[in-house]
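If you're matching positions, the sequence shown starts at 0 in numbering that gives the first Met the number 0 and goes up one per residue.
Note that CB positions come from ideal geometry on N, CA and C, so glycine has one too.
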Amino acid sequence: MALSIKILTEELPATSELVIWSRFIELTGIHPTRLGELVELGWLCPNRTQEDCYLFHPRDVYKVSKLERICTDFELPALAGTIIIDLLERIEDLELQVRDLRRLL
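Given below as structure tokens:
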């Protein structure tokens with residue numbers, strides 16, 4: 000009796016730092032409905048797999064955690080929170096630019 004061996008040439012999936020939907024919810028504590036709203040607003044732009052699954056960037060975990068904290072602490076709707084987060088990020092960018100310009104003087 001001959002033993003036949005089939006060699007699988009299928010490659011393993013590449014490792015990634017991207018975060019799947021369910022893990023993202025675990026890490027941030029955000030409600031799935033609110034997460035969907037943020038994606039629909041275009042505030043979060045996750046990658047999508049062929050199976051139509053969302054893959055979020057690690058920086059989005061921090062961004063959404065900050066959003067949840069601000070919305071909870073100040074009892075704000077998500078849209079107001081996104082505006083605040085965007086403004087805070089803009090301020091950080093401007094502070095970095097000022098710091099860089101001061102180094103040039």
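In chain order, what residues of the same chain have a beta carbon less than 8 Å from the beta carbon of residue i, not counting five sequence neighbours either side?
i, result
"glutamate 91", "none"
"glycine 28", "Ser64 and Glu67"
Considering residue i, what are the terminal residues of the beta strand (DSSP E) in which it resides?
i, result
"leucine 54", "53-55"
Apart from the five residues on each side of it in sequence, which residues of its chain come closer than 7 Å, Cβ to Cβ, to residue i?
i, result
"isoleucine 24", "Pro31 and Leu34"
"asparagine 46", "Leu17 and Leu54"
"threonine 48", "Leu54"
Look at residue i and residue j and say whether their C-beta atoms are less than 8 Å apart.
i, j, result
"isoleucine 69", "isoleucine 82", "no"
"leucine 26", "leucine 54", "no"
"isoleucine 19", "cysteine 52", "yes"
"alanine 77", "glutamate 39", "no"
Helix, strand or coil, according to DSSP, for residue i in the structure here?
i, result
"isoleucine 69", "helix"
"isoleucine 19", "strand"
Here's a check: name, in chain order, each residue in its chain whose Cβ is nearer than 6 Å to the Cβ of residue i, leaving out the five neighbours to either side.
i, result
"leucine 66", "Gly80 and Ile84"
"glutamate 74", "none"
What residue range does the alpha helix (DSSP H) around residue i cover?
i, result
"glycine 41", "Looking at the DSSP string, glycine 41 is not in any alpha helix (DSSP H), and its letter there is neither H nor E."
"threonine 81", "77-103"
ask   = Given 8 Å as the limit, is there contact between the region 45-64 and the region 91-100, that is, 3 or more CB pairs closer than that?
value = Because the criterion of three Cβ pairs below 8 Å is not met, the region 45-64 and the region 91-100 do not touch.
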